[in-house]
Structure formats: structure tokens, C-alpha cells
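Residue numbers 1 to 215, in the UniProt record's numbering, belong to the letters of the sequence shown in order. Quick reminder that beta carbons are idealized off the backbone N, C-alpha and C, glycines included. So the structure is just underneath, and the comments pick up after that.
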Amino acid sequence: NLFVAGTDTTSTIVEWSLAELIRHPAILKQAQAELDAVVGRGRLLSESDLPRLTFFNAVIKETFRLHPSTPLSLPRMAAAECEVAGYRIPKGSELLVNVWGIARDPALWGPDPLEFRPARFLPGGSHADVDVKGGDFGLIPFGAGRRICAGLSWGLRMVTLASATLVHAFDWEMPAGQTPDELDMEEAFTLLLQRAVPLMVHPVPRLLPLAYEIA
């Protein structure tokens, strides 16, 4: 369970982040410009660089918002009868939180909840203070409370590191005859929120040759 939870969820979010950036070339270029400024083109990204990637961290937040790896929270059972927002919840009821739906609610995210816009999480943005660590109930890809995902810190770090490395080290070309706006973004709803069509793109090295050398 721990192995699957730590690999499939991570790879799914990395694939979604790359797909969204490819579909939005201007945002991709902005992310690459930040990476070049922080890391340069003579080496690969390291974990110590992550805290300085303000824009890219916003990209990851926006990816988790639109494409949470688990669209429905794991089931919970009501220990006692209670009332939530006017609804009576009988004791023993099995409850699921629609993480995907909450993160696309216009009441929480404004008139453009379906738009991929990392700037909403930047300083001065509409949701600059919102995080993914369970304190903001409008964005809970890892859950919240005592049952929050045990791998939150590790998962968030690995998703950011893997995605940023792919964006920094490569440009990405669409298959012949396709343009970024034609990229299929259909979702496949299972236990995980995966892409219905796997991402098929061609990596093109963009760093200095020495950056790819294995020491």
C-alpha cells in the first residue's frame, strides 16, 4: 500500500503538471526562466533549490488543485449522528469528500476555476495564502486533520523536484502535426485521477552538455 501510494500518485501529478505546462507555452517559458535564474544551465536542479522556486511552486499548487491524484478522499465513517450544512448524517454512514469538486468551485476560486493559472498562488494573487497542507479546506489533495496523508511532505517534495527537473532539463515537442492547444486533457476517474490518454511528447535537451554528465 505504501509503495503504490507513493509512486502512482506522484507519477500521475508529474504527468499532469507537464501536460498543463506544455498546453500553456507562456507559463512553461516563465517556469523555465525562473529555473534558469535559480539553477543556471550548467547543472541539474537539486533539492536545495526548491525553496527559491516561487513560481514553480505555484505551478505545482495549481496542478494539485485541478488534478488531485485522489479525486475523492478515502472513506470515513460517521462515529455518531451529526448535522453538516443542514444535512443529517446518520451514525455509521460512509462519507467521501469530493476533493476534485471543491477545488473547482467558483464560490471558492472565482469566475475562472477551470483555468490553469498558477499566478493565483503568487504573492499578491487571489489565493496567495492558500496551501496544500490541510489548513485550507478549499485545497486538500492530501486530505486534512488527523488522517491527513502520512507522505505529504515527501510526496510534495518529490513531485516538485521531478516536475521541475523535467521542465528545466528539456524542452518538449508535440508529435508531428499537433499543437499544444490540441493536447488531450481528458481525465480518467478511478481511485486515482489519471490521464485518459497518456502524455506523448518528445524531450529536447536545453541545458549545457556538462549538465547531463554523470559524475
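- Going by the beta-carbon positions, is the gap between residue 219 and S73 smaller than 8 Å? As displayed, the chain neither begins before 1 nor continues past 215, which places residue 219 out of reach and without an answer.
- Query: In whole angstroms, what is the alpha-carbon distance linking K91 and A78?
  - Reply: 5 Å
- Message: Give me, in chain order, the residues of the same chain whose beta-carbon lies closer than 7 Å to that of residue 228; leave out the 5 immediate sequence neighbours on both sides.
- Response: Absent from the structure is residue 228, since the part of the chain shown begins at 1 and ends at 215.
- In chain order, what residues of the same chain have a beta carbon less than 7 Å from the beta carbon of D8, not counting five sequence neighbours either side? L192
- Task: Check each candidate in H24, T10 and G125 and name the one with the smallest Cα separation from T179.
- Result: H24
- Task: Kindly indicate the opening and closing residues of the beta strand (DSSP E) around L193.
- Result: Taken as a continuous stretch (DSSP letters only), the beta strand (DSSP E) holding L193 covers L193 to R195.
- Query: Could you give the C-beta distance for L208 and L50, rounded to a whole number, given that I count them as a contact under 8 Å?
  - Reply: Not really, about 21 Å apart at Cβ, beyond 8 Å.
- Taking buried to mean at least 16 other C-beta atoms within 10 Å of its own C-beta, is E34 buried or exposed? buried
- Item | C-alpha gap between L122 and L139, whole angstroms | When rounded, the distance between both Cα atoms is 15 Å.
- Message: Let's see if you can read the secondary structure: which residues bound the alpha helix (DSSP H) around I102?
- Response: V99 to I102
- Please say whether E186 and V197 have beta carbons closer to each other than 8 Å? Yes.
- Query: Thinking just about the alpha-carbon of each residue, which of E115, F137 and F56 is nearest to the one in V38?
  - Reply: F56
- Query: Which residues in the same chain have their Cβ closer than 7 Å to the Cβ of P71, if we skip the five residues on either side of it in sequence?
  - Reply: V99, W100, F189 and L193
- Message: Considering only the alpha carbon of each residue, which of L44, S126 and V84 lies closest to A107?
- Response: A107 has its Cα closest to that of S126, out of L44, S126 and V84.
- Item | Of the listed residues R76, E83, C149 and R120, nearest to I60 (C-alpha basis) | R120
- Evaluate H202 with the Cβ neighbour count: other Cβ atoms within 10 Å of its Cβ, from every protein chain shown; 16 or more gives buried, anything less gives exposed. exposed
- According to the Cβ coordinates, are A31 and V167 closer than 8 Å? yes
- Query: According to DSSP, is V84 helix, strand or coil?
  - Reply: strand
- Task: Please list, in chain order, all residues of the same chain as T165 whose beta carbon is under 6 Å from its beta carbon, the five residues on each side excluded.
- Result: L45
- Message: As a quick exercise: from G42, E213, E47 and D184, pick the residue whose alpha carbon is nearest that of M158.
- Response: E47
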